[in-house]
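Just so you know, numbering that gives the first Met the number 0 puts 40 at position 41 of the sequence shown, and the rest follows in order with no gaps. Glycine included, C-beta positions come from ideal geometry on N, C-alpha and C. All values reported here derive from a predicted model rather than from experimental measurement.
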Amino acid sequence: MKFTELTKTGIALAALLSLTACVGGGTGAGTVLRQTAYSVYSCGSDGRLSVRHLSSAIEVLSPRGVEVRLPASPPGQTARYGEPPYALVFDKREALWFVTGKRPISCKR
0 MKFTELTKTG IALAALLSLT ACVGGGTGAG TVLRQTAYSV YSCGSDGRLS VRHLSSAIEV
60 LSPRGVEVRL PASPPGQTAR YGEPPYALVF DKREALWFVT GKRPISCKR
């Protein structure tokens, strides 16, 4: 991978994580519902997103058919998971799937 691609990937992931940093606890906007061990989300015409929750990571079968294991990012939290080029952010009953260079996919439980 070229340096410019790595830089774009890093910038995109940093922007994603900074935008989602406000997700917190409580009952207001931005809260995360307790996740079950295995969840399936409908992504409309994009298909389905399947998530298996582990202790500090998740296993994802994306709407595009990619299977990947993502660590919590930052470690210890339960709303954001990512490792370039992938990221998954949970917000209540919604999951937002990111792949660097592609449009995000919004999925609902």
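For the pair of segments examined, the region 41-59 was found to touch the region 72-88: the number of CB pairs separated by less than 8 Å reaches three. If you draw a straight line from the Cα of S61 to the Cα of D90, it is about 17 Å long.
In the DSSP assignment, S49 is bridged to V39, L60. Taking V65 as the centre and dropping the five residues before and after it, the same chain places no C-beta closer than 6 Å to its C-beta.
When the five nearest sequence neighbours on each side are left out, the beta carbons in the same chain lying within less than 7 Å of the beta carbon of S38 are those of V50, R108, in order along the chain. R63 and K101 have their alpha carbons spaced roughly 11 Å apart. Here the C-alpha atom of S105 lies approximately 6 Å from the C-alpha atom of W96. By the Cβ-count criterion, G81 is buried, with 16 or more other Cβ atoms from all chains shown falling within 10 Å of its own Cβ. In the DSSP secondary-structure assignment, V65 is not bridged to any residue.
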